[in-house]
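All the letters of the sequence shown, read from the start, carry residue numbers 9 to 162 under the numbering used here. What follows is a single structure, written as structure tokens, with notes after it.
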Amino acid sequence: THNSRRSHLSQLWAATAAWSLGLDYVRPFSGGTEATAFNPRAVAAVERAGFQVQKPEGSNPMVAVSFTKDHEAERCWSKRYDDPANPQKDFCAVMTCSEADKNCPIVFGALDRFSLPYRDPKEADGTPEEAARYDERCLQIAAEMWYVMQQSAQ
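Right, dumping it as structure tokens:
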């Protein structure tokens, strides 16, 4: 709901998988019910996963994340789902948070809506398991986005 962790991980892995599979018609975006910032712990997890990250300063900076030099960097910043940077119609909404899934039964403009909730790695913030939990969620989302994109390619 805060567009800070799971939805960004989903955007990045969906973009990576779609590009790798030649799905040029797939353009992932992220958005929540409120804007905060792309959480630095989630940013660190994508760096550990091998993405190249450019992090400007600021309270909600636009983070450029690259998975290959042959594709334009994904622009990640926290925003509401209805932000003008996101499509306003003819898109599929994927809910990655059970709270958002419950509180947003209708996403206006969406052709379809899917629930694919993930446990929030935030629950490990400040603990010795923090990095491992973020990496675990990052890899889980990676595997599932690859599966979804492979199914879309068929």
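Heads up, the beta-carbon is just placed ideally off N, CA and C, and yes, glycines get one too.
With a cut-off of 8 Å, do at least 3 Cβ pairs link the segment 91-107 to the segment 18-38? yes
Length of the line joining the Cα atoms of Phe59 and Ala81: 10 Å
Sort Ser74, Asn111, Tyr155 by Cα distance to His10 and report the nearest one. Asn111
Starting from the Cα of Ala50, find the closest Cα among Cys146, Met153, Met157 and give me that residue. Cys146
Given this structure, state the Cα-to-Cα distance separating Ala43 from Glu55, to the nearest angstrom. 22 Å
Close Cβ partners of Thr24 (< 7 Å) along its chain, the five nearest in sequence each way excluded: Phe75
Quick one: complete beta strand (DSSP E) runs, 3+ long, within the segment 85-124? 99-103, 118-123
Let's see if you can read the secondary structure: which residues bound the alpha helix (DSSP H) around Ser15? 14-28
Ala81 - DSSP class collapsed to helix/strand/coil: coil
Local Cβ density within 10 Å of Tyr155, reported as buried at 16 or more and exposed below that: exposed
Opening and closing residue of the beta strand (DSSP E) in which Gln62 lies: 60-62
Beta carbon of Cys5, beta carbon of Leu124: below 8 Å? In the structure as shown, the chain starts at 9 and stops at 162, and residue 5 therefore has no counterpart that could be examined.
By a C-beta neighbour count over all protein chains shown, 10 Å radius and 16 as the cutoff for buried, is Phe46 buried or exposed? buried
Going by other Cβ atoms of all chains shown within 10 Å of its Cβ, with 16 needed for buried, is Ile149 buried or exposed? buried
Just tell me which of Pro129, Phe122, Ala151, Val34 has its CA closest to the CA of Tyr142. Pro129
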